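Chemist: For what it's worth, the working numbering labels the leading residue of the sequence shown as 491, then goes sequentially.
For each residue, glycine too, the CB sits at the ideal point set by N, CA and C.
Just so you know, these numbers come straight off a predicted model, no measurement behind them.
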Amino acid sequence: MIRDLTELLREAKNRPIRKMAVAAAEDEHVLKALQEAVKEEIIIPLLVGDKEKIERIARSIGFSLDGVELIDNREGEAVSARIAVAQVKNGKADILMKGFVSTGDLLKAVLDKELGLRTAQLLSHVAFFESPYYHKIFCVTDVAMNIAPGLDAKAQIICNAVEACRGIGIENPKVAVAAAVETVNPKMEATVHAAQLKEMNRKGLLGGCIVDGPFAIDIAVNREAARHKGIGGEVAGDCDVILAPDIEAGNMFYKALNFLGGAASAAVVMGASAPVVLTSRSDDERSKLRSIALAALIS
Ligand code: COD
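(1) By alpha-carbon positions, which one of 515, 637 and 545 ends up nearest to residue 537?
(2) If I measure Cβ to Cβ from residue 780 and keep anything under 6 Å in the same chain, skipping five residues before and after, which residues do I get?
(3) For the candidate residues 579, 681, 659 and 605, whose alpha-carbon lies nearest to that of residue 784?
(4) Indicate, with yes or no, if ligand 1 has a heavy atom lying under 7 Å from the CB of residue 700.
(5) Going along the chain, which residues of its own chain have a beta-carbon closer than 6 Å to the beta-carbon of residue 693, five neighbours each way excluded?
(6) Would residue 789 be called buried (16 or more neighbouring beta carbons within 10 Å of its own) or exposed?
(7) When you compare only the Cα positions, how much space is there between residue 667 and residue 765?
(8) What residue from 743, 661, 741 and 689 has the CA that sits closest to residue 492's CA?
(9) Using DSSP with H/G/I as helix, E/B as strand and the rest coil, what is residue 625?
(10) Measure from the alpha carbon of residue 620 to the alpha carbon of each residue in 678, 671, 754 and 745, then state which is nearest.
(11) Less than 8 Å separating the beta-carbons of residue 521 and residue 547?
(12) Ignore the nearest five residues each way along the sequence and tell me which others in residue 558's own chain have a CB closer than 7 Å to its CB.
(13) Just tell me which of 581, 575 and 605 has its CA closest to the CA of residue 591.
(14) Under a three-way DSSP split, which group does residue 521 fall into?
(15) What is the C-beta distance between residue 737 and residue 637, in whole angstroms, given that I count them as a contact (C-beta under 8 Å)?
(16) Does DSSP classify residue 635 as helix, strand or coil?
(17) Does DSSP classify residue 652 as helix, strand or coil?
(18) Within the continuous alpha helix (DSSP H) that includes residue 534, where are the two ends?
(19) Please say whether residue 519 and residue 778 have beta carbons closer to each other than 8 Å?
(20) Going by the C-beta, is residue 607 closer than 7 Å to any heavy atom of ligand 1?
(21) Alpha carbon to alpha carbon, what distance is there between residue 627 and residue 655?
(22) Quick one: which unbroken alpha helix (DSSP H) runs of 4-plus residues sit fully inside the region 535-569? Chain order, please.
(23) Nearest by alpha-carbon distance to residue 772: which of 652, 675 and 745 is it?
(24) Any chance the CB of residue 734 is under 7 Å from a heavy atom of ligand 1?
(25) Would residue 596 and residue 511 qualify as a contact pair, given that the criterion is a beta-carbon distance under 8 Å?
Listed below in structure tokens is the structure:
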């Protein structure tokens with residue numbers, strides 16, 4: 491089992507090297523992360539984007555592109571996204587990574603019915619964290635893709651997170667369904683969904699995980715807080731997965747952990763025919779590198 495996020499890199503180095511198509515690679519943070527990932531022999535990049543800009547940035551950071559495959563595209567980032575997706579679809583790459591392209595444009599290319607990477611599953615984003623205030627790594631989902639998931643979508647989001655956890659050795663993860671309170675309030679949809687998801691899991695509809703909630707975040711991550719409020723069970727204070735009620739709550743939690751909470755993160759989109767590295771433009775190259783390693787482990 492991975493105990494801290496730096497282990498992702500060590501573990502990924504021991505696995506077969508993966509080929510990764512990068513959509514709109516003309517981005518300094520992305521190229522720095524790739525430079526490191528190539529040095530660590532985690533991936534072989536296949537760059538798509540504006541060749542002139544990519545080569546200029548690569549030169550400025552001392553990244554030699556000798557032997558690196560590069561598909562030149564000057565028709566904009568959305569087209570680069572479609573070309574990179576096609577490389578994965580055609581089996582020329584095992585992983586897709588977002589470069590200097592908007593999340594919306596990349597996801598639209600991934601979701602394209604004919605040319606994209608859709609499967610029967612819902613696609614969802616899973617972000618892993620290592621926090622100085624928590625005793626193990628954990629993930630939050632979905633902070634970047636599904637805007638306002640309903641009950642069925644949340645069930646699939648949990649299944650994707652469980653699969654991602656398994657990919658890094660967390661078997662039977664403990665899932666906390668996050669809300670603002672610990673009791674079911676019909677006026678708070680997240681609390682109603684929590685009770686329903688718990689019941690679905692009890693009936694064996696989710697599988698391979700323990701689900702509990704509704705939990706406010708303090709209950710999910712802090713045993714003392716849970717004990718103080720009289721909440722027991724295996725999940726309270728020891729969760730592996732936090733299911734966010736919607737993209738707003740999830741995204742704010744994600745950014746707050748990274749920018750105010752001293753956390754380190756790694757993220758991947760699950761449910762497509764290949765893992766998708768979908769880091770935010772403001773994530774630094776270490777975070778991007780960890781996400782590449784995570785995707786390589788899951789792929
Ligand atoms: N999984 C599988 N299929 C999906 C999913 C999904 N998560 N989302 C949409 N689809 C399918 C639909 O069933 C439909 O067939 C087709 O895709 C189009 O659906 P729309 O019209 O809802 O999709 P779009 O193209 O308008 O939007 C899809 C996005 C993922 C782009 C949209 O949900 C979105 O903008 N999400 C937020 C992205 C974002 O801004 N993140 C910011 C944080 S970094």
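Modeler: This is what the structure gives:
(1) As a first step, residue 537 is located in the sequence shown; it is residue number 47 there, counting from the start. Nearest in C-alpha terms to residue 537, of all of 515, 637 and 545, is 515.
(2) The sequence position of residue 780 within the sequence shown is 290, counting from 1. Within the same chain, and ignoring the five residues on either side of residue 780 in sequence, the residues whose Cβ sits closer than 6 Å to its Cβ are 495, 498 and 756.
(3) Counting from 1 along the sequence shown, the entry for residue 784 is found at position 294. Taking only the C-alpha atoms, the option nearest residue 784 is 659.
(4) As a working note, residue 700 is residue 210 in the sequence shown. Outside the cutoff, so no.
(5) Here residue 693 is taken as the residue at index 203 of the sequence shown, counted from 1. Within the same chain, residue 693 has no close Cβ partners at all.
(6) As a first step, residue 789 must be located in the sequence shown, where it is residue number 299. Buried, by the Cβ-count rule.
(7) In the sequence shown, counting from the first residue as 1, residue 667 sits at position 177. In the sequence shown, counting from the first residue as 1, residue 765 sits at position 275. In a straight line, the C-alpha of residue 667 is about 24 Å away from that of residue 765.
(8) Here residue 492 refers to the residue found at position 2 of the sequence shown. That would be 661, whose Cα lies nearest to the Cα of residue 492.
(9) As a first step, residue 625 is located in the sequence shown; it is residue number 135 there, counting from the start. In the three-state DSSP reduction, residue 625 falls in the coil class, being neither helix nor strand.
(10) Residue 620 sits at position 130 when you count from the first residue of the sequence shown. Of the candidates 678, 671, 754 and 745, 754 places its Cα closest to the Cα of residue 620.
(11) Position 31 of the sequence shown, counted from the start, is the residue given in the question as residue 521. Position 57 of the sequence shown, counted from the start, is the residue given in the question as residue 547. Inclusion of residue 521 and residue 547 in the CB contact set at 8 Å is warranted, their separation being smaller than that value.
(12) The residue you call residue 558 lines up with position 68 of the sequence shown. Residues of the same chain with a CB within less than 7 Å of the CB of residue 558, apart from the 5 flanking positions on each side, are 535 and 537 in chain order.
(13) Position 101 of the sequence shown, counting from 1, holds the residue named residue 591. Put simply, of 581, 575 and 605 the residue whose alpha carbon is nearest the alpha carbon of residue 591 is 575.
(14) As a working note, residue 521 is residue 31 in the sequence shown. Three-state result, residue 521: helix.
(15) Translated into the one-based positions of the sequence shown, residue 737 becomes position 247. Translated into the one-based positions of the sequence shown, residue 637 becomes position 147. Indeed, because the Cβ distance is near 5 Å, the residues count as touching under 8 Å.
(16) Taking the sequence shown and counting its residues from 1, one reaches residue 635 at position 145. Reduced to three states, the DSSP call for residue 635 is coil.
(17) Reading the sequence shown from its first residue, position 162 is the one you call residue 652. DSSP places residue 652 within a helical segment (H, G or I) once states are collapsed to three.
(18) By 1-based counting over the sequence shown, the position of residue 534 is 44. Unbroken run through residue 534 is the beta strand (DSSP E), 533-539; no alpha helix (DSSP H).
(19) The sequence position of residue 778 within the sequence shown is 288, counting from 1. The sequence position of residue 519 within the sequence shown is 29, counting from 1. In this structure, residue 519 lies closer than 8 Å to residue 778 by Cβ.
(20) Translated into positions along the sequence shown, residue 607 becomes position 117. Every heavy atom of ligand 1 is 7 Å or more from the Cβ of residue 607, so no.
(21) As a working note, residue 655 is residue 165 in the sequence shown. As a working note, residue 627 is residue 137 in the sequence shown. Roughly 10 Å separates the two Cα atoms.
(22) For the alpha helix (DSSP H) assignment, the uninterrupted runs of no fewer than 4 residues enclosed by the region 535-569 are, from N- to C-terminal side, 541-551.
(23) The count along the sequence shown starts at 1 and reaches residue 772 at position 282. A check of alpha carbon separations from residue 772 across 652, 675 and 745 identifies 745 as the nearest.
(24) In the sequence shown, the residue the question calls residue 734 occupies position 244. No; taking the cut-off as 7 Å, the Cβ of residue 734 has no heavy atom of ligand 1 nearer than that.
(25) Translated into the one-based positions of the sequence shown, residue 596 becomes position 106. Translated into the one-based positions of the sequence shown, residue 511 becomes position 21. In this structure, residue 511 does not lie closer than 8 Å to residue 596 by Cβ.
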